[in-house]
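J.:
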């Protein structure tokens, strides 16, 4: 299948489309600004609290006639542009495929050579987030604003979080299973050139990650890899992983010898500290205002006070500031604590509330990337880490769907691995405001490796966004039915294998997206019992109506987005780790007796919030001799203050059943 690198089949139509949109844009921008001036966010209200009460009203009185006059003047041109733009959409392709042109930073081909289906297997990390990148006036109804700056900052935080080195810490403690028992931090990253993991002592499964100062220039670690012989990232990027094991005898604290050992391993290969282009511009945006303890962007010069400790070097103790001057990496321990103590002792994977996106993130599915200009800014930032991106997914006008579509589907997909095939389908049964967007499903086939016999190893990923209006249970169930049918058709149409002669081996099949229903609300019982959950597994779910005790909601209360307690990734992480904190800042499952939008009534509700962002996987239709298991699941707070959803991430281990050579 040919991937579409441009929205139109020829340059003439592209130029005509640009001309028509140029006529429409002034009217669109003025209308967006006019409506936005009447919908202030809570942040803006607090900023104006000290101003005279008449000041804002006076500004509106002055600016509104100006906007209206300019809007009236631009309206005839917009009408002409619309008459040209609308019929062109019948020739428009359903997505744009973008591949990183700078070969110096590209590593997709290198990744394919890493896995030859030999050894015990390989892990893949998937992320999903609803980023609320609507036109600014519409985004304000969700209490977020400045869409263009938010798009740039979201992309920057994601690629900084995903490109960091990773250190896993295992704690063996019979009395304290929290990672906070080990109160050390700011260890430098291990040498990137070594292919083997380093281990100190022995212990049980309990992991955290260590972060470094992200590279805003987009070079990340690719330059390092080329300097070391172009070895890429053996073992799926695990060369940046250092494993530390801590015995429980000293209550989880490292001995002096252990601290010295880790420090000694952490010097040689730190890259030069990158410059922070664009930080001055972004810091002016209220949504991205950095506060003390905000390490979510990985560009912050301050770290959480709890995570700052002294690191022993040689025979002396060096203060944290001295270590940071010598080492060009900056790290911050992420607590690996579950929301509650594990009720189900048979849980075989790690789970956490994390302040950062997982290191070595392989695939990313985003929803609500509706604004085209914001999508371009987001794409540019994500290309610093992901080589392959599919964006501007959907249809416009009356083409392909029953009703007129003003905006696209809002879906965006980014991958470190090559995309082989892609297909998009629009849900034809959208209702209300949702019918104005071409919400649908994006299906991807990616190549992740090859066997010694040159058989391709592939994976399938589906990204979707369902009907949002509460009470439209039947609509969502119909969309889930279509999702399964379309996915089945996509797999059949893109498969080049037969049972007798398998040319491809399927390693995984994952569905990501905002499904707009949760597993605990009484109003969502029909969706909870859908057949999708008999074919695909939800790592957070026990059964219909019951989530695992550590699973938390992913829908934040918009009114509290800018509260000091939750406006930074570290602060939001701490708040969500407590039950009282979740009751204050998450939207809770609806019931007949309680309203999820009123904080005062949340105290009597059970559960951990509305979890409407899902990551599902299946073992059906995969290569029979392989096994897929969840390695870890994360709820991520790194986009605090930028969106009203919590991103989620899942790491899958594909086991081949063979022993390491």
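Numbering (the UniProt record's numbering), first residue to last: 1 to 661. In this text, a Cβ means the ideal position worked out from N, Cα and C, and glycines have one as well. In this text the structure is predicted, and so the values were computed from the model without any measurement.
1. Along the chain, where does the alpha helix (DSSP H) containing residue 122 start, and where does it finish?
2. Count Cβ pairs between the segment 516-526 and the segment 461-475 that sit closer than 8 Å; are there 3 or more?
3. At what residues does the beta strand (DSSP E) containing residue 148 begin and finish?
4. Are the CB atoms of residue 361 and residue 162 within a distance shorter than 8 Å?
5. Residue 613 by DSSP, collapsed to three states: which one?
6. Out of 631, 642, 506, which one is the CA nearest neighbour of residue 625?
7. Just how far apart, CA to CA, sit residue 395 and residue 87?
8. Would you kindly report the start and end of the unbroken beta strand (DSSP E) that includes residue 663?
9. Is the segment 77-87 close to the segment 354-371, with three or more CB pairs under 8 Å?
10. Using the rule of at least 16 other Cβ atoms within 10 Å of the residue's Cβ for burial, across every protein chain shown, is residue 553 buried or exposed?
11. Quick check on the DSSP output: the beta strand (DSSP E) that includes residue 423 runs from which residue to which?
12. Would you kindly work out how many angstroms separate the C-alpha atoms of residue 577 and residue 469, rounded to a whole number?
13. Determine the direct distance from the alpha carbon of residue 64 to that of residue 397, and round the result to whole angstroms.
14. Determine the burial state of residue 525: buried for a count of at least 16 other Cβ atoms within 10 Å of its Cβ, exposed for fewer.
15. Between the segment 408-426 and the segment 71-78, are three or more C-beta pairs nearer than 8 Å?
16. On the CB-based measure, 16 or more other CB atoms within 10 Å of its CB, does residue 408 come out buried or exposed?
17. Are there three or more Cβ pairs, one per stretch, closer than 8 Å when the segment 152-159 is compared with the segment 630-643?
18. Within 10 angstroms of the Cβ of residue 46, are there 16 or more other Cβ atoms? Answer buried if so, exposed if not.
19. Work out the CA separation of residue 452 and residue 495 for me, nearest whole Å.
20. Expressed to the nearest angstrom, what Euclidean distance is found between the alpha-carbon atoms of residue 389 and residue 569?
21. Could you tell me the alpha carbon to alpha carbon distance between residue 436 and residue 650, rounded to whole angstroms?
22. How long is the line joining the alpha carbons of residue 355 and residue 456, rounded to whole angstroms?
23. Helix, strand or coil for residue 212 per DSSP?
24. Going by beta carbon distance, what residues of the same chain come within less than 8 Å of residue 535, once the five residues before and after it are set aside?
25. I believe residue 558 touches residue 146 by the beta-carbon criterion, under 8 Å. Please report the beta-carbon distance rounded to the nearest angstrom.
26. Assuming residue 417 and residue 513 are in contact, meaning their beta carbons sit under 8 Å apart, how far apart are those beta carbons, in whole angstroms?
27. Is the beta carbon of residue 463 less than 8 Å from the beta carbon of residue 540?
28. Shortest alpha-carbon distance to residue 678 belongs to which of 386, 384, 392?
29. Using a 10 Å radius around the Cβ and a threshold of 16 neighbouring Cβ atoms, would you call residue 645 buried or exposed?
30. If you run the structure through DSSP and keep just helix, strand and coil, what is residue 535?
31. Report the three-state DSSP secondary structure of residue 438 (helix, strand or coil).
32. How is the alpha helix (DSSP H) around residue 584 delimited, first residue to last?
33. On the DSSP bridge assignment, give the partners of residue 459 in chain order.
34. Less than 8 Å between the C-beta atoms of residue 100 and residue 383, yes or no?
35. Need the endpoints of the alpha helix (DSSP H) that residue 490 sits in, please.
36. Counting along the chain, where does the alpha helix (DSSP H) carrying residue 55 start and finish?
T.: Straight from the coordinates:
1. Careful: residue 122 lies outside any alpha helix (DSSP H), inside the beta strand (DSSP E) at 121-133.
2. The answer is yes - the segment 461-475 touches the segment 516-526, with three or more Cβ pairs under 8 Å.
3. No beta strand (DSSP E) contains residue 148, which is instead part of the alpha helix (DSSP H) from 147-162.
4. Yes.
5. Taken through DSSP and simplified to helix, strand or coil, residue 613 comes out as strand.
6. Checked all of 631, 642, 506; the closest Cα to residue 625 is 506.
7. Taking the Cα positions, residue 395 is about 12 Å away from residue 87.
8. As displayed, the chain neither begins before 1 nor continues past 661, which places residue 663 out of reach and without an answer.
9. No: the two stretches stay apart, fewer than three of their Cβ pairs being nearer than 8 Å.
10. Buried: at least 16 other Cβ atoms inside 10 Å.
11. According to the DSSP assignment, residue 423 belongs to the beta strand (DSSP E) that extends over 419-426.
12. The straight-line gap from Cα to Cα measures roughly 29 Å.
13. About 30 Å.
14. Burial call: exposed.
15. No: fewer than three Cβ pairs fall under 8 Å.
16. Looking at its Cβ environment, which holds 16 or more other Cβ atoms inside 10 Å, residue 408 is buried.
17. Yes: at least three Cβ pairs fall under 8 Å.
18. Counting other Cβ atoms within 10 Å of its Cβ, residue 46 stays below 16 and is therefore classed as exposed.
19. When the Cα atoms are used, residue 495 and residue 452 turn out to be separated by approximately 20 Å.
20. Approximately 26 Å, taken between the alpha carbons.
21. The C-alpha of residue 436 lies about 32 Å from the C-alpha of residue 650.
22. A straight-line Cα-Cα distance of about 36 Å links residue 355 and residue 456.
23. At residue 212, the pLDDT of 41 sits below 50, so the modelled position is not reliable; the number obtained from the coordinates is stated separately. Note: residue 212 maps to coil in three-state DSSP.
24. Setting aside the 5 residues that flank it on each side, residue 535 is surrounded in the same chain by 484, 618, 620, each with a C-beta closer than 8 Å to its C-beta; the list follows chain order.
25. 15 Å between Cβ atoms; not a contact.
26. Not quite, the Cβ-Cβ distance comes to about 19 Å (not below 8 Å), so this is no contact.
27. At a Cβ-Cβ threshold of 8 Å, residue 463 and residue 540 do not count as neighbours.
28. Because residue 678 is not part of the residues shown, which for the chain are 1 to 661, the question remains open.
29. Under this definition residue 645 is a buried residue.
30. In the structure shown, the three-state DSSP call for residue 535 is helix.
31. Residue 438: coil per DSSP, three-state reduction.
32. Element bounds for residue 584: 579-585.
33. The partner list for residue 459 (beta bridge, DSSP) reads 446, 508.
34. Note that the C-beta distance between residue 100 and residue 383 is below 8 Å.
35. In the DSSP assignment, residue 490 falls within the unbroken alpha helix (DSSP H) covering 473-494.
36. Unbroken alpha helix (DSSP H) run through residue 55: 53-88.
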